[in-house]
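Here is the structure we will look at, set down as C-alpha cells.
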Amino acid sequence: IDRAGIGYTLAGTSPGLTGTTSAAFDIVTAPISQLAFIAQPVTTTAGVTLQAVQVAAQDSLGNTVADFADAVTMTIGTNPGGAALSGTTTVTAVGGVATFSTLSIDKSGVGYRLAATSGSLTRTSGAFSITPGLATRLAVTVSPSTTTAGATISPAVRVAAQDDFGNAVTSFTGTVTITIGNNPAGGVLSGTKVIAATAGVAAF
Numbered sequence: 299i300d301r302a303g304i305g306y307t308l309a310g311t312s313p314g315l316t317g318t319t320s321a322a323f324d325i326v327t328a329p330i331s332q333l334a335f336i337a338q339p340v341t342t343t344a345g346v347t348l349q350a351v352q353v354a355a356q357d358s359l360g361n362t363v364a365d366f367a368d369a370v371t372m373t374i375g376t377n378p379g380g381a382a383l384s385g386t387t388t389v390t391a392v393g394g395v396a397t398f399s400t401l402s403i404d405k406s407g408v409g410y411r412l413a414a415t416s417g418s419l420t421r422t423s424g425a426f427s428i429t430p431g432l433a434t435r436l437a438v439t440v441s442p443s444t445t446t447a448g449a450t451i452s453p454a455v456r457v458a459a460q461d462d463f464g465n466a467v468t469s470f471t472g473t474v475t476i477t478i479g480n481n482p483a484g485g486v487l488s489g490t491k492v493i494a495a496t497a498g499v500a501a502f
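Counting in my numbering, the sequence shown runs from 299 upward without gaps.
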C-alpha cells in the first residue's frame with residue numbers, strides 16, 4: 299500500500315461466499331527521501347508578500363513524514379530579475395511541513411523559481427512571475443549627452459515610469475514634462491517638452 303494512513307482494512311470476497319474483513323492496521327511512512335512544494339509560489343506584485351509557500355518532507359511515494367522537524371531554507375533558484383528574497387527564509391517544519399508566509403521579491407520578471415533546501419535535500423518550485431507595482435516615480439534611463447548649442451540632443455532622452463523598487467511600469471501612459479533642472483547659463487529648452495509615455499517610457 300503506497301499511502302500512509304491509520305485504520306486500513308482488507309476485505310476478502312469470493313462468489314457465493316460471505317465476505318470477510320481483516321482487523322484494522324496502519325501504513326506508516328518510509329524514510330524521508332525528498333522535499334516537495336505542496337503550496338507553490340504564484341504570480342505576485344513586486345514587494346508584496348507571496349501567498350504562503352509550503353514545503354513538505356516526503357518519502358519516495360509522496361507521503362509526508364510527520365515527524366520531520368528540521369529547518370528548511372528558501373532561496374531564489376532561478377532569478378530572471380536579479381531580485382532579492384525578503385522575509386523569513388529559514389523555517390522549522392511542523393508536522394513535516396515548513397510554511398513560508400512572509401516572503402517577497404523586489405524585482406519584476408518572468409520565470410522565477412524558488413529553491414528549498416534541508417540538509418542534503420533540495421527541491422525547486424514551479425515557475426512564477428513577479429509583476430511591477432503601481433508607478434510611483436520617474437527615472438531618466440537615457441541621459442542627455444554633451445551637445446552643440448542649438449543642435450538636437452542625441453540619442454533621445456528617455457524617462458521611464460517605475461514602481462517603488464525601480465521596476466519599469468509598462469502600463470503607464472501618462473504625460474511626462476521635461477524642463478531644465480540646473481541652468482548655469484540661462485539656456486532655453488526647445489522642442490517637444492510634453493510627451494505621453496508609450497509602454498511606460500517617454501522619449502524626448
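Glycine included, each C-beta is placed from N, C-alpha and C at the ideal position.
Query, Result
"Of the listed residues Leu359, Ala309 and Thr439, nearest to Ala321 (C-alpha basis)", "Ala309"
"For Ser416: DSSP bridge partner residues", "Leu419"
"Alpha carbon of Gln370 to alpha carbon of Gln356, nearest angstrom", "The amino acid at residue 370 is misidentified as Gln; the sequence shows Val. Taking the straight line joining both Cα atoms gives about 13 Å."
"Classification of Pro430 by the beta-carbon crowding that lies within 10 angstroms, buried from 16 upward", "buried"
"Local Cβ density within 10 Å of Asp368, reported as buried at 16 or more and exposed below that", "exposed"
"Short Cβ contact (9 Å threshold) for Ala328 with Val395", "no"
"DSSP three-state assignment for Arg301, whether helix, strand or coil", "coil"
"Whole-angstrom distance between Tyr410 and Gly393, CA atom to CA atom", "28 Å"
"Beta-bridge pairing of Ser249 - partner residues as DSSP gives them", "The question about residue 249 has no answer, for the chain in this structure spans 299 to 502."
"3-residue-minimum beta strand (DSSP E) runs that sit fully inside the region 318-402, ordered along the chain", "323-325, 332-337, 351-356, 369-376, 388-390 and 395-398"
"From Pro313, Val499, Leu487 and Gly385, residue whose alpha carbon lies closest to that of Asn465", "Val499"
"Three or more C-beta pairs below 8 Å linking the region 417-424 and the region 463-483", "no"
"For Phe426: DSSP bridge partner residues", "Tyr410"
"Beta bridge counterpart(s) of Leu436 as assigned by DSSP", "Ala459"
"Beta-carbon contacts of Thr390 that lie in its chain and below 6 Å, excluding the five residues immediately before and after", "Ala369"
"Alpha carbon of Ser441 to alpha carbon of Ala449, nearest angstrom", "16 Å"
"Nearest-angstrom Cα separation, counted from Phe323 out to Ile403", "46 Å"
"Start-to-end residues for the beta strand (DSSP E) that takes in Val499", "Val499 to Ala501"
"Rounded distance between the beta-carbons of Ala302 and Asn361, thought under 8 Å", "4 Å"
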